[in-house]
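In this text, residue positions in the sequence shown follow my numbering: the first is 16, and each later residue adds one.
Structure first, then comments.
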Amino acid sequence: MILMSGLRWIDPYDEDTPFPSVDQALRDPNGLLAVGGNLSTRRLLRAYRNGIFPWYNRGQPILWWSPDPRAVLFPSQLKVSRSLRKTLKKGLYRITMDQDFHTVIRACAGPRRNSSGTWLTPAMLEAYGRLHDLGLAHSVEAWHYGELVGGLYGVALGRVFFGESMFSHMTDASKVAFVHFVRQLQDWGYNMIDCQVKSEHLSSLGAEDLPRRQFIARLNQWCELPGVPGPWRFDSATGAIEPLTLTN
16 MILMSGLRWI DPYDEDTPFP SVDQALRDPN GLLAVGGNLS TRRLLRAYRN GIFPWYNRGQ
76 PILWWSPDPR AVLFPSQLKV SRSLRKTLKK GLYRITMDQD FHTVIRACAG PRRNSSGTWL
136 TPAMLEAYGR LHDLGLAHSV EAWHYGELVG GLYGVALGRV FFGESMFSHM TDASKVAFVH
196 FVRQLQDWGY NMIDCQVKSE HLSSLGAEDL PRRQFIARLN QWCELPGVPG PWRFDSATGA
256 IEPLTLTN
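Structure follows, in structure tokens:
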């Protein structure tokens with residue numbers, strides 16, 4: 016079924032219905048590709064593997080997106096500003112991975128400044144929880160004396176990490192978590208972090224725009240490589256240092 020707008024409808028009861036080619040995504044709004052389907056593990060993994068992600072508000076049908084260009088961050092291109100470097104040296108946060116995925120994603124679903132809604136619906140929380148249980152979705156946590164104050168989560172396929180959302184309840188908490196995380200991904204040989212759509216926040220950390228065709232070509236190459244199985248942990252104490260002791 017094709018909707019009047021030209022968008023393809025995906026049957027929510029047919030797991031074998033393929034996504035249309037990402038080349039068919041709309042230019043306005045940028046990247047809107049299809050409507051419908053479901054959030055089964057099989058559907059979500061097929062989406063990510065093909066450069067597509069779900070993004071919709073409560074009460075809407077599922078909307079599938081593949082924007083052009085695509086915001087990405089190559090781990091070797093991580094930028095750490097002078098102010099962020101100062102925060103890192105203060106050692107305010109203890110950083111962990113996959114210690115409290117469900118709390119992290121619920122915090123990402125919380126209300127944001129200048130926003131009354133959330134795109135992380137209960138169905139989305141459940142779907143990504145299933146991916147986490149399978150070792151495919153991961154969280155990074157920033158703790159301040161035992162309290163979770165920042166973090167991020169996303170999905171890993173092969174040597175690509177698809178970032179989904181982050182939150183911060185203290186200054187630079189999510190950025191500190193992100194810096195430690197990117198350094199670990201680089202050590203593991205991960206090639207790319209999908210940031211979906213470029214923002215000032217992501218640009219400050221080194222994200223850049225990549226034409227969609229180049230993005231898909233990299234997925235075809237790097238998603239087929241063996242990744243690190245979950246649950247994830249930092250290789251050394253670098254990412255799990257108690258507050259006030261960070262020296263690097």
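For glycine and all other residues, C-beta sits at the position ideal for the given N, C-alpha and C.
Beta-carbon spacing of residue 239, residue 166 below 7 Å: Contact annotation: residue 239 and residue 166 have beta-carbon atoms that are not nearer than 7 Å.
Alpha-carbon spacing of residue 73 relative to residue 111, whole angstroms: The straight-line gap from Cα to Cα measures roughly 31 Å.
When 44, 36, 50 are compared against residue 26, the one with the closest alpha-carbon: Of the candidates 44, 36, 50, the one whose C-alpha sits nearest the C-alpha of residue 26 is 50.
Bounding residues of the beta strand (DSSP E) (the contiguous stretch that carries residue 168): Per DSSP, the unbroken beta strand (DSSP E) holding residue 168 starts and ends at 162–172.
Selected residue, minimal CA-CA separation from residue 188, among 237, 100, 223, 41: Ranking 237, 100, 223, 41 by CA distance to the CA of residue 188 puts 100 first.
Length of the line joining the Cα atoms of residue 78 and residue 71: Computed Cα separation, rounded: 6 Å.
Buried versus exposed call for residue 118 [16 or more other C-beta atoms within 10 Å across all chains shown]: It is exposed - the Cβ of residue 118 has fewer than 16 other Cβ atoms within 10 Å.
Proximal residues to residue 196 (C-beta, below 6 Å), its chain only, five neighbours per side dropped: Same-chain partners within the cutoff: 155.
Whether residue 84 touches residue 224 by CB criterion (7 Å): A contact, by the Cβ cut-off of 7 Å.
Selection from 28, 48, 29 that minimises the alpha carbon distance to residue 37: Comparing alpha carbon positions, the residue from 28, 48, 29 closest to residue 37 is 48.
Given 8 Å, three or more beta-carbon pairs between the region 233–251 and the region 132–152: The answer is yes - the region 132–152 touches the region 233–251, with three or more Cβ pairs under 8 Å.
Rounded C-alpha distance that separates residue 138 from residue 237: When rounded, the distance between both Cα atoms is 29 Å.
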